[in-house]
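Chains A and B are the protein sequences, given in the same order. Per our numbering, residue 1 is the first one in the first sequence, and the count goes up by one each step. Per our numbering, residue 456 is the first one in the second sequence, and the count goes up by one each step. Heads up, the beta-carbon is just placed ideally off N, CA and C, and yes, glycines get one too. As the structure is a computational prediction, the values presented were derived from the model and not from experiment. Read the structure below first, then the notes.
2 protein chains.
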Amino acid sequence: MKRTALVAALVALSASLSAQAPNWIDPYKPIAQRIIAAAQADDFAWRRLAELTDTFGPRLSGSDNLERAIDWAVDTMKKDGFDNVHKEPVMVPKWVRGNESLDLVEPVRQTLPLLGLGNSVGTPYGGFESDVIVVKNFDEMEKRAAEIKGKIVLFNAEFVSYGATNVYRTSGPSRAAKVGAIAALVRSIGPTGLRTPHTGATVYTDDAPKIPAAAIPAEDANRFQRLADRGLKIRVRLSMQAHFEADSQSYNVVGEIRGRELPNEVIVVGGHLDSWDPGAGASDDAGGCVVTWEALRLMKKLGLQPRRTVRVVLFTNEENGSRGGNGYRDAHTAELPNHVMLLESDGGIFDPEGFGFTGPEKAKATVVSIAGLLKSIGADPVRDGGGGADVSPAGTVAKAPLMSHLAEANYFQIHHTPADTIERISPKQASNNAAAIAVMVYVIADLPWRLGTEK
Amino acid sequence: MKRTALVAALVALSASLSAQAPNWIDPYKPIAQRIIAAAQADDFAWRRLAELTDTFGPRLSGSDNLERAIDWAVDTMKKDGFDNVHKEPVMVPKWVRGNESLDLVEPVRQTLPLLGLGNSVGTPYGGFESDVIVVKNFDEMEKRAAEIKGKIVLFNAEFVSYGATNVYRTSGPSRAAKVGAIAALVRSIGPTGLRTPHTGATVYTDDAPKIPAAAIPAEDANRFQRLADRGLKIRVRLSMQAHFEADSQSYNVVGEIRGRELPNEVIVVGGHLDSWDPGAGASDDAGGCVVTWEALRLMKKLGLQPRRTVRVVLFTNEENGSRGGNGYRDAHTAELPNHVMLLESDGGIFDPEGFGFTGPEKAKATVVSIAGLLKSIGADPVRDGGGGADVSPAGTVAKAPLMSHLAEANYFQIHHTPADTIERISPKQASNNAAAIAVMVYVIADLPWRLGTEK
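Here you go:
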């Protein structure tokens, strides 16, 4: 027993020594504590998120709601005392959902929940009536191509993970069109909710006709499957007014805390202000906007001015076009070599889960040391894979390290649904995520060396 | 230590002796085991529930769906080999929801989820636009009566329990009309879901004008509260086509297993086949219909014919009229003195939680002994309070003991919502509830004495 205890003590000692941070991190420890304490002192982040989502609602590209939210963000950042607050013009697509409906005709008449997929075309006026063929995957679709021709296909693929299953939403409609389907229904990409439909973009390919595409809740997909398995005919009327209008003027919102020594070196943080239309876009991605924005506000509040510039960008049109991320890259081409690191928050602001990182191994080690300052709020893990749809276009050209903020516990339950509202997020979660990003970004911006140049 | 162990053993022995069932229960033990085993042997109950809800969908009084479900139930009971299968005519109200919508106009334009309350009147064609005054309870409404006059009131009462909170749905609209409101919105009666609205009947009183009444999800009620707390004006357009049409012909479904010795003494079990329109009425109350129906099917399957008659009644029009329960009472007036006990299942078929009982104390002791046979499936608790909207009208006249089947764990999460579908219920739950009711009802129907006549 004594021997074992001695060995255990030695192992613990050795682990503690090897985990000890290098000296450079020490001065940042009290600063990190101050930032965390300031973030946790009130529910400012949550209240800002509530104000944004309550006042402006969903913010689909091309909508007045989005542009009003953008103007509010500019005004509010100015009031926060940020430097260089402005908006940068980006033309965005304007997809309009219009009225849409799905009515079961056989075996019984019933109106069912439906949520058209973003980018979908509409049906002819009044819709059309058709049998529905239910398939579980693309293999079954290919095998039953002859049956599907001229009919509506339902992809009833059980949700495994967003990465694994959303191919049915993105590629399913065009693949169905290739075998002659006249419309595609997709089981919602997410865990079974409370009859909750999930929208999201579909991506038409050029080698097939564009057919109307919409999501139905998991419960309805299961019901269709059971009806089909019993040999019953399923017939529906699908009506969708979805269409595109002319591109619309929108903007990325930019605000900064200028660096005290190297103002031309820039760390970018941000999320996207646009959202899908059924919910309030609270987790996707007003939350990401607010917690990255909060990172700068917390620095400002504490009088922390790092060596380099920290820039928050609230991107437009992530959901159905990525025009904001591409627009930022194009507007800042000359400046991209001075981009030190870009961090995106677009995976929810539930309990902090740390960060994703893409970049040199030695830069990752630096980031791991900084993340160690966030152990008390659970934000210390660093896993491989950083960036996102908004920051990666610029980051890729800049060849800069890319990071993602991670806090996605309940994200796919409400992702792209009417339930993406602030009720899912607690004030504590909002504050802790703001603190995590503030500490990470402040230290990177203040490092004695430029992140990514570690030898 | 030894002393304590001895005392504990004596206590255990004494408890075991006092809990020992009287002799009459002994012959029913193997029968109860056979019934439970037969119910658990397959997922028949769940599949029947799936067939009912998948094939006929929601079954609002006055709808074709309900009448088709009724005819299917009659046919299927006949195939089950029940005695005296027939339907009994009942005229039911026909409330039609029509199109309905709630559009936020200020502070931003947005279409919001809405679910009109059953029995509500509609708005003028095209709806009307009005400010919304948010109140947390009736007291606040009375205090702010002057503000409310000519406007829409929102009752944002947090859900405490169905019994405590549904007064806002039932009485709120007429009380609001009395202070001059032109329409009433009610925070949905249920825990916060996934932006899930709950419908249900409102009850107009004669001393106030009938004003349109509808439910909104908890999330939207909270948002309105926050906007109002910030001093912002909330303005909406409410449009509802809700109206009544002429009463419609419907039916209660009746099937029996005739008693082998006392066929004129009747035990009634049942639920209601009608449902609200947004979901599939799986928990409310196709589940109650199926598990009470299954009680008879299991007896039939096992060749169990009790002394007295067991009758299953699938009532029509529980939700918005109680015409089925009243109709049964009126059609069976002469026979009511022979009603031994009436049991209703209308609180979900989640994990069994036992039974509610109203009747003589000594009859309750008999029921407690029978429930003891159901310990292995958790259905042994017996609490005070039995009956329900369907069986109580007849039971009250008959002065017979009334029982409720209890299994309501997740009931109010999905009650009167689009999410009341079979996905919420497992095959095991359906089988165990069928077994619980079958055992309880078989033994009561077979008792050497008539339940309620215990000395």
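Discussion item. Check whether chain B comes within 8 Å of P197 of chain A, counting only Cβ atoms and requiring the distance to be less than that.
Written reply: In the first sequence, the residue the question calls residue 197 of chain A occupies position 197. Chain B contact via Cβ: absent.
Discussion item. Considering just the uninterrupted stretch of the beta strand (DSSP E) at W95 of chain A, what are its terminal residues?
Written reply: Sequence index remark: in the first sequence, residue 95 of chain A carries index 95 (1-based). Looking at the DSSP string, the run of the beta strand (DSSP E) that includes W95 of chain A is D83 to V96.
Worksheet entry | Straight-line gap, V852 of chain B to L791 of chain B (C-alpha atoms, nearest Å) | Position 397 of the second sequence, counted from the start, is the residue given in the question as residue 852 of chain B. Position 336 of the second sequence, counted from the start, is the residue given in the question as residue 791 of chain B. Using only the alpha carbons, I get a separation of about 7 Å.
Worksheet entry | Distance between L314 of chain A and G255 of chain A (C-alpha atoms, nearest Å) | Residue mapping note: residue 255 of chain A aligns to position 255 of the first sequence, counting from 1. Residue mapping note: residue 314 of chain A aligns to position 314 of the first sequence, counting from 1. G255 of chain A and L314 of chain A: Cα-Cα distance of roughly 9 Å.
Worksheet item: For F511 of chain B, which residues in chain A fall below 7 Å Cβ to Cβ?
Response: Locating residue 511 of chain B in the second sequence gives position 56, where the first residue counts as 1. Within 7 Å Cβ-Cβ: V108.
Worksheet item: How would you write the range of the alpha helix (DSSP H) that F867 of chain B sits in, first residue to last?
Response: Here residue 867 of chain B corresponds to residue number 412 of the second sequence, with the count starting at 1. Per DSSP, the unbroken alpha helix (DSSP H) holding F867 of chain B starts and ends at Y866 to I869.
Worksheet item: What do you get for S831 of chain B, buried or exposed, if any count of 16 or more other CB atoms within 10 angstroms of its CB means buried?
Response: Translated into the one-based positions of the second sequence, residue 831 of chain B becomes position 376. Per the 10 Å Cβ criterion, exposed.
Worksheet entry | Sequence-distant residues of its chain with Cβ nearer than 6 Å to A900 of chain B (five each side left out) | Mapped onto the second sequence, residue 900 of chain B falls at position 445. Excluding residues within five positions, the ones whose Cβ falls inside 6 Å are I722, P761, R763 and V765.
Fill in: the region 672-684 of chain B in contact with the region 500-509 of chain B per 3-pair CB rule at 8 Å
In short, these stretches do not touch, since the Cβ pair count stays below three.
Practice prompt. Please classify A890 of chain B: is it buried, with 16 or more other beta-carbons within 10 angstroms of its beta-carbon, or exposed?
Written response: Position 435 of the second sequence holds residue 890 of chain B. Flag for A890 of chain B reads buried.
Discussion item. Using C-beta distances below 6 Å, list every residue in its chain close to P807 of chain B, excluding the 5 sequence neighbours before and after it, in chain order.
Written reply: Position 352 of the second sequence holds residue 807 of chain B. Closer than 6 Å at Cβ, skipping near neighbours: I832, G833, A834, A862, N887, N888 and A891.
Item to complete: Return the CA-CA distance between L472 of chain B and G726 of chain B, expressed in angstroms with no decimal places.
Response: Mapped onto the second sequence, residue 472 of chain B falls at position 17. Mapped onto the second sequence, residue 726 of chain B falls at position 271. Residue confidence is low: L472 of chain B scores 42 on pLDDT, short of 50, so the model does not pin down where it sits. Its coordinate-derived value is still stated next. So the two alpha carbons sit approximately 38 Å from each other.
Worksheet entry | Contiguous alpha helix (DSSP H) assignments of at least 4 residues, all confined to the region 248-324 of chain A | Complete alpha helix (DSSP H) runs here, min 4: 287-302.
Worksheet item: From I70 of chain A to L273 of chain A, what distance separates their C-alpha atoms?
Response: In the first sequence, the residue the question calls residue 70 of chain A occupies position 70. In the first sequence, the residue the question calls residue 273 of chain A occupies position 273. Cα atoms of I70 of chain A and L273 of chain A: separation of roughly 7 Å, rounded to the nearest angstrom.
Discussion item. Can you give me the C-alpha to C-alpha distance between G814 of chain B and V823 of chain B, rounded to a whole angstrom?
Written reply: For the purposes of this step, residue 814 of chain B is taken as residue 359 along the second sequence, with counting starting at 1. For the purposes of this step, residue 823 of chain B is taken as residue 368 along the second sequence, with counting starting at 1. For the pair G814 of chain B and V823 of chain B, the Cα-to-Cα distance works out to about 12 Å.
Worksheet entry | Cβ-Cβ distance between A145 of chain A and A183 of chain A below 8 Å | As a working mapping, residue 145 of chain A is identified with position 145 in the first sequence. As a working mapping, residue 183 of chain A is identified with position 183 in the first sequence. No.
Practice prompt. Mind checking which residues open and close the beta strand (DSSP E) that includes A638 of chain B?
Written response: One-based indexing of the second sequence puts residue 638 of chain B at position 183. A638 of chain B: member of the beta strand (DSSP E) spanning A638 to R642, first to last residue.
Discussion item. If you measure between the beta carbons of S345 of chain A and G288 of chain A, is that distance less than 8 Å?
Written reply: Translated into positions along the first sequence, residue 345 of chain A becomes position 345. Translated into positions along the first sequence, residue 288 of chain A becomes position 288. Yes, they are a contact pair.
Worksheet entry | Every unbroken beta strand (DSSP E) within the region 569-608 of chain B, with a cutoff of 3 residues, ordered by chain | Runs of beta strand (DSSP E) with 3 or more residues, each lying fully within the region 569-608 of chain B, are found at 583-590, listed in chain order.
Worksheet item: If you check the beta carbons only, do F805 of chain B and P646 of chain B fall under 8 Å apart?
Response: The residue you call residue 805 of chain B lines up with position 350 of the second sequence. The residue you call residue 646 of chain B lines up with position 191 of the second sequence. Pairing F805 of chain B with P646 of chain B gives a Cβ-Cβ distance that is not under 8 Å.
Worksheet item: Should the region 699-717 of chain B be regarded as contacting the region 590-609 of chain B, the criterion being three or more beta carbon pairs within less than 8 Å?
Response: In the pairwise beta carbon analysis, the region 699-717 of chain B is classified as not touching the region 590-609 of chain B: fewer than three pairs are separated by under 8 Å.
Discussion item. By the three-class DSSP mapping on this structure, what secondary structure does A214 of chain A have?
Written reply: By one-based count along the first sequence, residue 214 of chain A stands at place 214. If DSSP states are grouped into helix, strand and coil, A214 of chain A belongs with the strands.
Worksheet item: Who are the Cβ neighbours of A21 of chain A in its own chain at under 8 Å, not counting the five residues just before and after it?
Response: Numbered from 1 along the first sequence, position 21 holds the residue referred to as residue 21 of chain A. Residue placement at A21 of chain A cannot be trusted, given a pLDDT of 47 that sits under 50; what the coordinates show is reported in the next sentence. These residues qualify, in order along the chain: S369 and G372.
Item to complete: Just the chain A side, please: which residues come within less than 7 Å of P451 of chain B by C-beta, in chain order?
Response: Nothing can be reported for residue 451 of chain B, as the shown portion of chain B is limited to 456 through 910.
Discussion item. Please list, in chain order, the chain B residues whose beta carbon lies closer than 8 Å to that of L227 of chain A.
Written reply: The residue labelled residue 227 of chain A in the question sits at position 227 within the first sequence. Neighbours of L227 of chain A on chain B, chain order: D509 and T510.
Worksheet entry | Below-8 Å beta-carbon distance, N520 of chain B vs any chain A residue | By one-based count along the second sequence, residue 520 of chain B stands at place 65. Yes, contact with chain A.
Discussion item. Along the region 145-176 of chain A, where does the CB come closer than 8 Å to a CB of chain B? Name the residues.
Written reply: Nothing from the region 145-176 of chain A brings a Cβ to less than 8 Å from some Cβ of chain B.
Item to complete: Check whether the Cβ of R678 of chain B lies closer than 8 Å to any Cβ atom in chain A.
Response: Counting from one through the second sequence, the residue named residue 678 of chain B turns up at place 223. R678 of chain B counts as touching chain A.
Fill in: Every unbroken beta strand (DSSP E) inside the region 353-410 of chain A [3 residues or more]
As far as the region 353-410 of chain A is concerned, its whole beta strand (DSSP E) runs of at least 3 residues are 354-358, 382-384 and 402-406.
Fill in: Beta-carbon proximity check, G573 of chain B vs A656 of chain B, cutoff 8 Å
Within the second sequence, the letter at position 118 stands for residue 573 of chain B. Within the second sequence, the letter at position 201 stands for residue 656 of chain B. Yes; because the gap between Cβ atoms is below 8 Å, this pair is in contact.
Discussion item. DSSP three-state label for L13 of chain A, please.
Written reply: As a working note, residue 13 of chain A is residue 13 in the first sequence. In this prediction, L13 of chain A scores a pLDDT of 43, lower than 50, which makes its location untrustworthy; no coordinate-derived value is stated.
Practice prompt. Verify whether the separation of the beta carbon atoms of V291 of chain A and D103 of chain A is less than 8 Å.
Written response: One-based indexing of the first sequence puts residue 291 of chain A at position 291. One-based indexing of the first sequence puts residue 103 of chain A at position 103. Contact flag unset, no.
Item to complete: Hey, could you find the ends of the alpha helix (DSSP H) T411 of chain B is sitting in?
Response: The structure shown does not extend to residue 411 of chain B, since chain B spans only 456 to 910, so no value can be given for it.
Fill in: Contact the region 608-616 of chain B vs the region 729-738 of chain B: 3+ CB pairs below 8 Å
Contact between the region 608-616 of chain B and the region 729-738 of chain B is absent, because fewer than three Cβ pairs lie under 8 Å.
Discussion item. By the DSSP assignment, the beta strand (DSSP E) with V160 of chain A in it spans what residues?
Written reply: Within the first sequence, the letter at position 160 stands for residue 160 of chain A. Where V160 of chain A is concerned, there is no enclosing beta strand (DSSP E), given that its DSSP letter is neither H nor E.
Worksheet entry | Contacts that I869 of chain B makes with chain A (C-beta to C-beta distance below 8 Å) | Sequence index remark: in the second sequence, residue 869 of chain B carries index 414 (1-based). Using a Cβ-Cβ cut-off of 8 Å, I869 of chain B is close to L194 of chain A, given in chain order.
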